[in-house]
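Using UniProt numbering, count along the sequence shown one by one with no gaps and you end on 700.
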Amino acid sequence: MCGICSSFRPYSEDCDYQQFAATTITEGVDAAAGTSTIYSMSPGDTFLGNLGSAGDSDWVAIQLVAGQTYNLDVKGSPSGVGTLADPITSIHDSAGNQLATNDDGGAGYESHLSFTATYSGTYYVVGRGLSTSTGTYQLTMAEASLAERGSSGTIDTMAAYLTDGYWYDTGSSPHQFRTISSNQITVNLTGLTADGQKLARWAFEAWESVANLEFVETTGSADITLDDNSDGATANATWSGGYTKSATVNIGTGWLSHGTQIGSYSFQTYMHEIGHALGLGHLGDYNGEAVYGSDNTFIEDSWQMSVMSYFDQYENTEISASKAHTVTPMIVDVLAIQELYGAAGAGSLTDGDTVYGVGHTLGDSWLGQMYSAINGTGDTSVFDFEAITFTFWDRGGYDVIDFSNETAAQAVDLRAEAISSVGGKSNNMLIARGTVIEGFRAGSGNDTVQGNSADNVLKGNAGIDSLFGDAGDDTLQGGTGADTLDGGTGTDAADYSNATVSNRVDLLNNARNSGDALGDVLISIENLFGGTYRDVFFGDGQVNELRGSGGRDLLNGRNGSDRLLGEGGSDKLVGGGGRDILRGGNGSDRLFGGSGNDKLYGDAGNDILDGGSGNDILTGGSKVDTFIYNAGADIITDFDGDLLQIDAALWGGASRTAAEVLGFAGVIGGDTVFDFGGGDSLTLRGFTDVASLESVLTII
């Protein structure tokens, strides 16, 4: 059994977990020159060896932790600690393969090397001499100091430390519940007060939301038993063969004075101690008390990274973040617990389409209750409304973070493993590895939002916002204010569909923008989406989609093969150059294809369709439409009860009657075809009553 106690002050106790002091091992029987050696040491120990014959080498086994950096030194006569004149050292993996070696990296001819372990487990360190030299020497291997190893804490190495490194460093061994046949772990909460039970249930939910675990309450014998019999906060476990048999968590009632809500120090303590029960250690080689700068293993060690840390964000002097309590397992915890138990599966809290924040879809879960309190109920019995830090891990689906109720400026990065500042706090929101959030809705502050590789929908709302789509086909909605919308790679859209005024947007000249778009800077934006008011959109000569929605819109694609959608209202669509597609939508629209081989669809309403030059295809849709023909080989697909206008320039501009113009027409294969020569022709597909055209034909 081991006891692990929290340093969460003021309720910290001495730990009953055994710590080991550094020792000195002296070679007696000659150490083998291979993995069969009988000698072993721990980081920080000293091995005193003796090379008694030419070519002799001594191997010593040592347990190292993945991601940790160590200094290996072999010293002799130059330092006055032995008689070996020119020591050499090397380090080998568990199979005996050499990983690194050094001859004269230390003082004089002594050896020194810095080594970062790539896995947790057994390595071998070697002391030998140059050529045939013999003599005594001193071999040490110790963790590099904070200054020496720099910012060594990647998310992977810190997670490995929680699952393995901590236990090795404290002379113990990793362990976890065996969940191969069933992911259920029974828990007994009857030893807690009602408030303690509430906190415990929330904490179990938090772990259950990210790991493939199901906690089942029982009033009898349980895998994890919680009580409040003693002061302080401790976790104890018994295990065998790497598998936990049972665990006990004690959190004294004194902790309840720190709050009984989500966001309180108490709630964080419950998550921390339950993390121990599940097999996670601390984020550094400490237990009971710790001082940042001397006891931490990783520079990044703080609550920002892990609920298993002892250091708040202010105690960690190397990071910039607001002091905030954790309300979820943090980014390192998620990776670590999923390494032990796998990720939460189908049907778990965040599986499927999920909304976080305003209008959340998290039900009555601990996270749902928190968002409901923040965004509506104001229930202080659920949330304490103090500063919080949290990590999003999402199972899949289309997911949106809606922080539109925030008034402070937010700096958000939706990319995995990124850190963001929200809710008026600094660097307090993280995105777990493998999590893809598709949408973000900012508040009324001057916000910065960075998208990821998905097709993001980013909304700035009020304020002077900067939205960056990154990869993917993104939709950026700046809202009011002079915003910067940068789509990045992919086919991206600036969305003005929520505007309450008319807008003018010119992709070639942002200085012409007006309405909600006034002052907006559009970068790498291909498409424009309008709203219910009149929109005037101009493309940039590339491939654009301009969408009007409601209102009497003007959409001009300029050059490029554009797609213009009038949608509601009586709109004017101008394709310009390129192979364009124009759809009028509802309303009586005017469609002008311009140059290029275009497709025009009037859809509903009494529409005017003018293909312009090029070989165009025109479809009027319902009601009485007017088709204008002036050049190219055009096709009208649905002429029936409609009006036709033909440009006199086709025959040199001479005055002709409608009946005379019908002389250019004839029925070919069930279609009426006007042939004006020079490649200019108009086909009325499926229409054969040429004579009836006299009454609907106008010469222009």
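Built from N, CA and C at the ideal position, the CB exists for glycine as well. No experiment lies behind these values; they were computed from the predicted model shown.
| Asked | Found |
| --- | --- |
| Give a yes or no on whether the C-beta atoms belonging to residue 543 and residue 560 are separated by under 9 Å. | yes |
| Per DSSP, which one or two residues make a beta bridge with residue 268? | In DSSP, residue 268 forms no bridge with anything. |
| Do you know how far the Cα of residue 65 is from the Cα of residue 118? | 8 Å |
| On a CA-only basis, which of 639, 72 and 239 is nearest residue 104? Give me that one, please. | 72 |
| Can you tell me whether DSSP reads residue 567 as helix, strand or coil? | coil |
| So who's on the other strand from residue 642, going by DSSP bridges? | Beta-bridge pairing links residue 642 to no other residue. |
| For residue 159, report the span of its beta strand (DSSP E) as first-last. | From DSSP, residue 159 is part of no beta strand (DSSP E) but of the alpha helix (DSSP H) over 155 to 160. |
| Spatial neighbours of residue 81 within its chain, please: C-beta separation below 8 Å, excluding the five flanking residues on both sides. | 75, 137 and 138 |
| Can you give, in chain order, each stretch of the alpha helix (DSSP H) that sits fully within the UniProt domain "Peptidase metallopeptidase" (176 to 313) and has at least 4 residues? | 194 to 208 and 265 to 277 |
| Kindly indicate the opening and closing residues of the beta strand (DSSP E) around residue 629. | 626 to 629 |
| So, under 8 Å CB-CB, residue 728 and residue 26 are touching, yes? Tell me the CB distance rounded to an integer number of Å. | A question about residue 728 goes unanswered here, because the residues of the chain that appear run from 1 up to 700. |
| Just reading off the beta strand (DSSP E) that residue 647 is part of, what are its end residues? | Unbroken run through residue 647: none, as it is neither H nor E. |
| Would you tell me roughly how many angstroms separate the C-alpha atoms of residue 607 and residue 583, rounded to the nearest one? | 10 Å |
| Which residues in the same chain have their Cβ closer than 6 Å to the Cβ of residue 282, if we skip the five residues on either side of it in sequence? | 166 and 308 |
| Exposed or buried, which one is residue 97 when buried takes at least 16 other CB atoms within 10 Å? | exposed |
| Please say whether residue 629 and residue 641 have beta carbons closer to each other than 9 Å? | no |
| Quick one: any contact between the stretch 341 to 359 and the stretch 235 to 250, if contact means 3 or more CB pairs under 8 Å? | no |
| How should residue 15 be labelled, buried or exposed, when 16 other C-beta atoms within 10 angstroms of its C-beta is the threshold for buried? | For residue 15, the predicted model reports a pLDDT of 31, less than 50, meaning its position is unreliable; a value from the coordinates is still stated below. The residue is buried, with at least 16 neighbouring Cβ atoms inside 10 Å. |
| For a quick check, are the C-beta atoms of residue 597 and residue 615 less than 9 Å apart? | yes |
| Helix, strand or coil: how does DSSP classify residue 120 here? | coil |
| If you compare alpha carbons, which of 370, 272 and 652 is closest to residue 262? | 370 |
| Give me the Cα-Cα distance between residue 702 and residue 566, rounded to the nearest whole angstrom. | No answer is possible for residue 702: the residues shown for the chain start at 1 and end at 700. |
| Out of curiosity, what's the CA-to-CA distance linking residue 620 and residue 609? | 7 Å |
| Comparing alpha-carbon positions, which option in 422, 454, 218 and 180 lies nearest residue 190? | 218 |
| Ordered along the chain, which non-local residues of its own chain (more than five positions away) have a Cβ less than 7 Å from that of residue 664? | 674, 675 and 676 |
| Cβ atoms of residue 162 and residue 701: under 9 Å apart, would you say? | Nothing in the structure corresponds to residue 701, since the chain is present only between 1 and 700. |
| In the DSSP assignment, find the beta strand (DSSP E) that holds residue 601 and state where it starts and stops. | 599 to 601 |
| Could you give the residue range of the alpha helix (DSSP H) that holds residue 370? | 366 to 372 |
| With a threshold of 6 Å on Cβ separation, who are the neighbours of residue 590 within its own chain once the five nearest residues in sequence on each side are excluded? | 572 and 608 |
| Measuring CA to CA, which of 483, 469 and 497 is closest to residue 490? | 469 |
| How far does the alpha helix (DSSP H) with residue 169 in it extend, from its first residue to its last? | 166 to 169 |
| Does residue 442 come out as helix, strand or coil in the three-state DSSP assignment? | coil |
| So if DSSP puts residue 47 in a beta bridge, which residue, or which two residues, is it bridged to? | 25 and 139 |
| Work out the CA separation of residue 258 and residue 264 for me, nearest whole Å. | 6 Å |
| From the DSSP output, in three-state form, read off residue 390 for me. | strand |
| Of all the options 532, 522 and 550, which has the alpha carbon lying nearest to the alpha carbon of residue 538? | 522 |
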